[in-house]
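Take 27 as the starting number for the sequence shown in this note's numbering and just add one per residue. C-beta atoms are modelled at their ideal positions from N, C-alpha and C, and glycine is treated no differently. As the structure is a prediction and not an experimental result, all values here were calculated from the model. See structure below.
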Amino acid sequence: MRVDYGEPKDLDVDALNDGWLPLARQWLSDAVAANLPEPNAIVLGTVDAAGRPATRTVLCKDLDAEGVVFYTNYDSDKGRALASTPYASITFPWIGIARQLTVRGPVTRVDRDTTEAYWRTRPRGSQLGAWASEQSRTVVSRDALAAQLAEVTATFDGREVPVPPNWGGVRVEPEIVEFWQGRTSRMHNRIRVMPASGVIERLQP
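So this is what it looks like as C-alpha cells:
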C-alpha cells in the first residue's frame with residue numbers, strides 16, 4: 027500500500043517567520059475544513075519508570091504558545107508514566123491532508139482553575155464517566171463497568187458533578203516542534219522549530 031502525496035505548494039521555512047503557533051493553528055483549521063474525523067486527535071507517547079514506551083490516542087483540548095493540553099485521570103497508565111518521566115511527544119496525524127504536527131517537550135499539570143473551567147464544558151455523561159472509570163484498571167465485565175456508572179449517576183443525581191480529585195489537564199510544552207508535509211517520491215518536507223532559541227531547520231525526509 028503506497029500513496030504518492032502532493033500539495034500545490036511546498037512548505038518552506040518562511041512559513042514559520044511568525045513562530046510555530048500560527049501555522050499549527052492554521053493546519054488544525056485546515057484539518058477541520060477537510061472534515062477529517064477527530065481533527066484534534068493526538069497520538070501521545072510516554073515512557074514509564076522502566077523505560078518502556080507506550081502510545082495512545084487522546085484529544086487535544088487547547089493549543090497555545092505554552093503547548094498542547096489534554097485531560098486525563100492522573101492515576102491512569104499515562105498519568106503514572108508522565109509522573110515518573112515528565113516528558114512526552116504528541117503527534118496530530120492528519121493523514122487525510124498528508125500532514126503531521128509533532129510537539130515534544132516536558133509536561134506539567136495545568137492549574138486547577140483551568141481544569142475546573144474545562145470540566146464545566148464537558149457533557150454530564152462525560153463527567154459521570156470520569157468518576158465511574160478507574161482508568162487503566164482491569165474490570166471483570168462490561169456489566170460491571172455499567173454498574174459503576176449507575177452507582178455514580180445515582181450518587182450525583184440532582185446536583186452538579188464535581189471534578190474528580192485525580193483528574194485534570196496535562197500540558198506538553200513545545201521544546202521541539204516539527205511540521206511534516208507529504209510530497210511526491212517520498213521527498214517530504216520536514217521543518218523543525220526550537221521555540222526557545224528560535225532555531226528553524228529543514229530536515230531531510
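First and last residue of the alpha helix (DSSP H) that includes residue i?
i, result
"L127", "Looking at the DSSP string, L127 is not in any alpha helix (DSSP H); the run it does join, the beta strand (DSSP E), is R125 to R135."
"Q207", "No alpha helix (DSSP H) holds Q207; the beta strand (DSSP E) holding it covers I202 to Q207."
"D139", "R138 to W145"
"D56", "W46 to A59"
"D169", "R168 to T181"
Where residue i and residue j are concerned, what is the direct C-alpha to C-alpha distance, given to the nearest angstrom?
i, j, result
"A75", "T83", "20 Å"
"Q126", "R185", "42 Å"
"V39", "P188", "46 Å"
"D36", "V94", "25 Å"
"T147", "R228", "39 Å"
"R135", "P149", "22 Å"
"F205", "E160", "35 Å"
"G32", "T210", "6 Å"
"R106", "I202", "23 Å"
"N43", "L89", "19 Å"
"P63", "V165", "29 Å"
"R130", "D30", "27 Å"
"P48", "E177", "45 Å"
Is the separation between the beta-carbon of residue i and that of residue j shorter than 8 Å?
i, j, result
"R51", "V133", "no"
"A60", "I123", "yes"
"Y100", "G194", "yes"
"W53", "W120", "yes"
"P200", "R216", "no"
"S110", "S162", "no"
"V219", "W46", "yes"
When DSSP labels each residue in this structure, what does residue i get in the three-state scheme?
i, result
"L108", "helix"
"A158", "helix"
"D30", "coil"
"V69", "strand"
"R212", "helix"
"E227", "strand"
"A236", "Here the chain has residues from 27 to 231 only, and residue 236 is not among them."
"S115", "strand"
I'd like the span of the beta strand (DSSP E) that includes residue i, first residue to last.
i, result
"V94", "G93 to N99"
"R82", "P79 to L85"
"V196", "W193 to V198"
"A76", "First-last for A76: undefined, no H or E at that position."
"D88", "D88 to D90"
Evaluate residue i with the Cβ neighbour count: other Cβ atoms within 10 Å of its Cβ, from every protein chain shown; 16 or more gives buried, anything less gives exposed.
i, result
"I68", "buried"
"Q153", "buried"
"P191", "exposed"
"P79", "exposed"
"T81", "exposed"
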